[in-house]
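**Student:** The UniProt record's numbering puts the first residue of the sequence shown at 1, with every later residue one more than the last. Glycine included, each C-beta is placed from N, C-alpha and C at the ideal position. Mind looking over this structure? Questions follow.
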Amino acid sequence: MDGVPQRPRRGLTPATTQQEFLRRFVLALRYLLEVGGTAVVAFLGFYALLAVFVLSLVGPGLSLLPLSLARLRRVADAHRRRAGQWLDCEIPSSYREAEGRVLVRAQAMLTDKATYTDLLWLLLHAVLGTLGAALAIGLCVGSASWLTIPLWWQVVPKPAQFLVWNIDSWGSALGACFAGLAYGALAGWLLPWCAQLHALMTRALLKPRKRRTSLAKRVEELTITRAEALEAHAAELRRIERDLHDGAQAGLVSVSLRLALMKRVLHDNPEKLPEMIDQARDLADQAVQSLRVAVRSIYPPVLADHGLAEATRSLVAACQIPTKLDLEYESRSSRAPAAVEAAAYYVISEALTNVAKHSGAECSQVQLRTTESRIHISVWDDGQGGAATTGSGSGIRGIKRRVAAFDGVTELHSPPGGPTVLRVELPCGS
């Protein structure tokens, strides 16, 4: 794009200036010497790991296996960073967690496919890294040797000869400099490509597989979702228990106490019995009403009897601020699962409660669209905005947890000054 500087990819694009040519040559030389230093050790490390694998089959090497593979992972991570710097990109790792006792860690590492790609990389790194470093040293030493011939040819016994070049005059000595320049030019052109080849090999083998990365991400999302679903379920159970304890249970205890008191006054003051019976009946009615409220909060009867659309109409009608309802249906072979409808009902109810209590809005709108596969909910209000999803008492946070339990999507757009739009999508299943 215009106006956005693009960093050149080293080793691929031709150098446009002598300074760029020299800079890239120095970077490539340093890269090849660094990987060459570890490549020599990689040969020994590869066979040492094979020996540890064999020993682990009979027992003695089992304790060494996690330590050896952990060391291999550290080496691979170091070369990920080095290759990423050369290629101007990030090469992440995707190892499985290996914690616990020796046997557990060994099993986790041995069942991780990344372990075997690391071993393959180690072998190729030993070969390519050694060859690249040897080529870099050979070309640089050769160039320096040919270029310095004019400095030392007179102090050696005559006739002097360097490789196949006879040096018997200043002309032949100065002519050797052209060979040195050729060596240098070849090194300047070839070494960046060697570094590029090694870096590409490292990236190809050590980068996470796309399917494995997406699967790991999906597992992480589902783990978080499951934890949030369990937390929401536990909070719901605590709420039901609290409602029953403070409502129906307290009313029934009062009825029981009233009946015990009636038994005591039956003989002493029987004229008070009618009044006490009326009081006990009122207390029983209150307990039943509290019980109905608790049951209705679990699964509203209007939702069970008439479906989500009618239940949404009742919520909109009961809202404290003027609210418009927009319903859109697509024919379905059957209703959505009861749990999904209950979650949608909860989302709309909680959203309208937040609008009425916290938004300062003058009007709001609820859009409900149902398809064969999903339920789409949108709640809009013209309030002050600034709604947040953080905080233990946030209704939006509860909505997100409830929706996440069904692998749904929650989006909240609430800039300061408003308006606020809450969008929710819930999958209905097949």
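Distance, Cα to Cα, L278 vs K272?
**Tutor:** By one-based count along the sequence shown, residue 278 stands at place 278. By one-based count along the sequence shown, residue 272 stands at place 272. Per the sequence shown, residue 278 should be read as Asp rather than Leu. Roughly 10 Å between the two C-alpha positions.
**Student:** At what residues does the alpha helix (DSSP H) containing K263 begin and finish?
**Tutor:** Taking the first residue of the sequence shown as position 1, residue 263 is located at position 263. A250 to D268 is the extent of the alpha helix (DSSP H) around K263.
**Student:** On the criterion of 16 or more Cβ atoms from any shown chain inside 10 Å, does P192 qualify as buried, or is it exposed?
**Tutor:** Counting from one through the sequence shown, the residue named residue 192 turns up at place 192. By the neighbour-count rule (16 or more Cβ atoms within 10 Å), P192 is buried.
**Student:** Does DSSP classify K324 as helix, strand or coil?
**Tutor:** Locating residue 324 in the sequence shown gives position 324, where the first residue counts as 1. The answer is strand: DSSP assigns K324 an E or B state.
**Student:** Could you give the distance in angstroms between the alpha-carbon of D305 and the alpha-carbon of Q289?
**Tutor:** Against the sequence shown, residue 305 aligns to sequence position 305. Against the sequence shown, residue 289 aligns to sequence position 289. Each residue's alpha carbon lies about 19 Å from the other.
**Student:** May I have the straight-line CA-CA distance separating I321 from R313, to the nearest angstrom?
**Tutor:** Residue mapping note: residue 321 aligns to position 321 of the sequence shown, counting from 1. Residue mapping note: residue 313 aligns to position 313 of the sequence shown, counting from 1. C-alpha separation (whole angstroms): 14 Å.
**Student:** Which residue's Cα is closest to the Cα of residue 432: E241, L190, L147 and A76?
**Tutor:** A question about residue 432 goes unanswered here, because the residues of the chain that appear run from 1 up to 430.
**Student:** Is it the case that the Cβ atoms of residue 435 and R80 are separated by a distance below 7 Å?
**Tutor:** Outside the modelled stretch of the chain, which goes from 1 to 430, sits residue 435, for which no answer is possible.
**Student:** What are the partner residues of S378, as DSSP defines its beta bridges?
**Tutor:** Position 378 of the sequence shown, counted from the first residue, corresponds to residue 378. Paired residues: Q367 and R423.
**Student:** Would G360 and Q384 qualify as a contact pair, given that the criterion is a beta-carbon distance under 7 Å?
**Tutor:** If you number the sequence shown from 1, residue 360 lands on position 360. If you number the sequence shown from 1, residue 384 lands on position 384. Between G360 and Q384, the C-beta spacing is below 7 Å.
**Student:** Quick check on E90: does DSSP put it in helix, strand or coil?
**Tutor:** Reading the sequence shown from its first residue, position 90 is the one you call residue 90. Note: E90 maps to coil in three-state DSSP.
**Student:** Any contact of the stretch 87-94 with the stretch 120-139, i.e. 3+ C-beta pairs under 8 Å?
**Tutor:** Here the stretch 87-94 makes no contact with the stretch 120-139; the two share fewer than three CB pairs at distances below 8 Å.
**Student:** In terms of residues, what are the limits of the alpha helix (DSSP H) holding E310?
**Tutor:** As a working mapping, residue 310 is identified with position 310 in the sequence shown. Residues L308 to A318.
**Student:** If you follow the beta strand (DSSP E) that E411 is in, where does it begin and where does it stop?
**Tutor:** Translated into the one-based positions of the sequence shown, residue 411 becomes position 411. First-last of the beta strand (DSSP E) with E411: V409 to H413.
**Student:** At the level of alpha carbons, what is the spacing between R24 and G386?
**Tutor:** Against the sequence shown, residue 24 aligns to sequence position 24. Against the sequence shown, residue 386 aligns to sequence position 386. Between R24 and G386, the C-alpha separation is close to 51 Å.
**Student:** Do the stretch 113-120 and the stretch 23-41 meet, that is, are 3 or more Cβ pairs less than 8 Å apart?
**Tutor:** Three or more beta-carbon pairs separated by less than 8 Å are not found between the stretch 113-120 and the stretch 23-41, which leaves the two stretches without contact.
**Student:** Terminal residues of the continuous alpha helix (DSSP H) containing C140?
**Tutor:** Along the sequence shown, one-based indexing puts residue 140 at 140. Taken as a continuous stretch (DSSP letters only), the alpha helix (DSSP H) holding C140 covers K113 to L147.
**Student:** According to DSSP, which residues form a beta bridge with Y329?
**Tutor:** Here residue 329 refers to the residue found at position 329 of the sequence shown. Note: Y329 sits in a beta bridge opposite T370.
**Student:** Pick out whichever of D382, F406 and D326 has its Cα sitting closest to the Cα of G417.
**Tutor:** In the sequence shown, residue 417 corresponds to position 417, counting from 1. G417 has its Cα closest to that of D382, out of D382, F406 and D326.
**Student:** In whole angstroms, what is the alpha-carbon distance linking S392 and R209?
**Tutor:** In the sequence shown, counting from the first residue as 1, residue 392 sits at position 392. In the sequence shown, counting from the first residue as 1, residue 209 sits at position 209. Only weak support exists for where S392 lies, its pLDDT of 43 falling under 50; the value from the coordinates is given anyway. Approximately 38 Å between the Cα atoms of the pair.
**Student:** Within its chain, find whatever has a CB closer than 6 Å to the CB of V421; leave out the 5 residues flanking it on each side and keep chain order.
**Tutor:** For this step, residue 421 is matched to residue 421 along the sequence shown. Closer than 6 Å at Cβ, skipping near neighbours: W380 and H413.
**Student:** When we look at the beta-carbon of H125 and count the other beta-carbons within 10 Å, is it buried (16 or more) or exposed?
**Tutor:** Start at 1 with the first residue of the sequence shown, and residue 125 comes out as number 125. It counts as buried.
**Student:** Tell me the rounded alpha-carbon separation between R423 and F43.
**Tutor:** By one-based count along the sequence shown, residue 423 stands at place 423. By one-based count along the sequence shown, residue 43 stands at place 43. Rounded to the nearest angstrom, the two C-alpha atoms are 57 Å apart.
**Student:** Quick check: what's the CA-CA separation for R30 versus A70?
**Tutor:** Mapped onto the sequence shown, residue 30 falls at position 30. Mapped onto the sequence shown, residue 70 falls at position 70. When rounded, the distance between both Cα atoms is 26 Å.
**Student:** To the nearest whole angstrom, what separates the beta carbons of E350 and G395, a pair I think is in contact under 8 Å?
**Tutor:** Here residue 350 corresponds to residue number 350 of the sequence shown, with the count starting at 1. Here residue 395 corresponds to residue number 395 of the sequence shown, with the count starting at 1. Yes, they are in contact, since the Cβ atoms of E350 and G395 sit about 5 Å apart, within 8 Å.
**Student:** Quick check on the burial criterion: 16 or more other C-beta atoms within 10 angstroms. Buried or exposed for Q18?
**Tutor:** Numbered from 1 along the sequence shown, position 18 holds the residue referred to as residue 18. Here Q18 is exposed. Its C-beta has fewer than 16 other C-beta atoms within 10 Å.
**Student:** Output the boundary residues of the alpha helix (DSSP H) element that contains I62.
**Tutor:** Taking the first residue of the sequence shown as 1, we reach residue 62 at position 62. It is worth fixing the name first, because residue 62 is Leu in this sequence and not Ile. That residue, L62, is in no alpha helix (DSSP H); it is neither H nor E in DSSP.
**Student:** Taking only the alpha-carbon atoms, compute the straight-line gap between G84 and A195 and give it to the nearest angstrom.
**Tutor:** Counting from one through the sequence shown, the residue named residue 84 turns up at place 84. Counting from one through the sequence shown, the residue named residue 195 turns up at place 195. Looking at the two C-alpha atoms, the distance is approximately 12 Å.
**Student:** For my contact list, A336 and R402 are in at a C-beta cut-off of 8 Å; report their separation, rounded to the angstrom.
**Tutor:** Taking the sequence shown and counting its residues from 1, one reaches residue 336 at position 336. Taking the sequence shown and counting its residues from 1, one reaches residue 402 at position 402. With 8 Å as the limit, A336 and R402 do not qualify as a contact, their Cβ atoms being about 15 Å apart.
**Student:** Given a cut-off of 7 Å, decide if C428 and residue 507 are closer than it, judged by their beta-carbon atoms.
**Tutor:** There is no way to answer for residue 507, as the model of the chain reaches only from 1 to 430.
**Student:** Is L65 closer than 7 Å to V52 when the C-beta atoms are compared?
**Tutor:** The residue given as residue 52 occupies position 52 in the sequence shown. The residue given as residue 65 occupies position 65 in the sequence shown. Closer than 7 Å, so yes.
**Student:** For the candidate residues W121, N269 and V340, whose alpha-carbon lies nearest to that of H376?
**Tutor:** For the purposes of this step, residue 376 is taken as residue 376 along the sequence shown, with counting starting at 1. Nearest C-alpha to H376: V340.
**Student:** By the 10 Å Cβ neighbour count, where 16 or more other Cβ atoms means buried, how is P300 classified, buried or exposed?
**Tutor:** Against the sequence shown, residue 300 aligns to sequence position 300. Classification for P300: buried.
**Student:** Within its chain, find whatever has a CB closer than 8 Å to the CB of K266; leave out the 5 residues flanking it on each side and keep chain order.
**Tutor:** Mapped onto the sequence shown, residue 266 falls at position 266. According to the sequence provided, residue 266 is Leu. The question's Lys does not apply to it. So the list reads L273, once near-sequence residues are dropped.
**Student:** Around the C-beta of D118, are 16 or more other C-beta atoms found within 10 angstroms, so that it is buried, or is it exposed?
**Tutor:** Start at 1 with the first residue of the sequence shown, and residue 118 comes out as number 118. Counting Cβ neighbours within 10 Å, D118 comes out buried, since at least 16 surround it.
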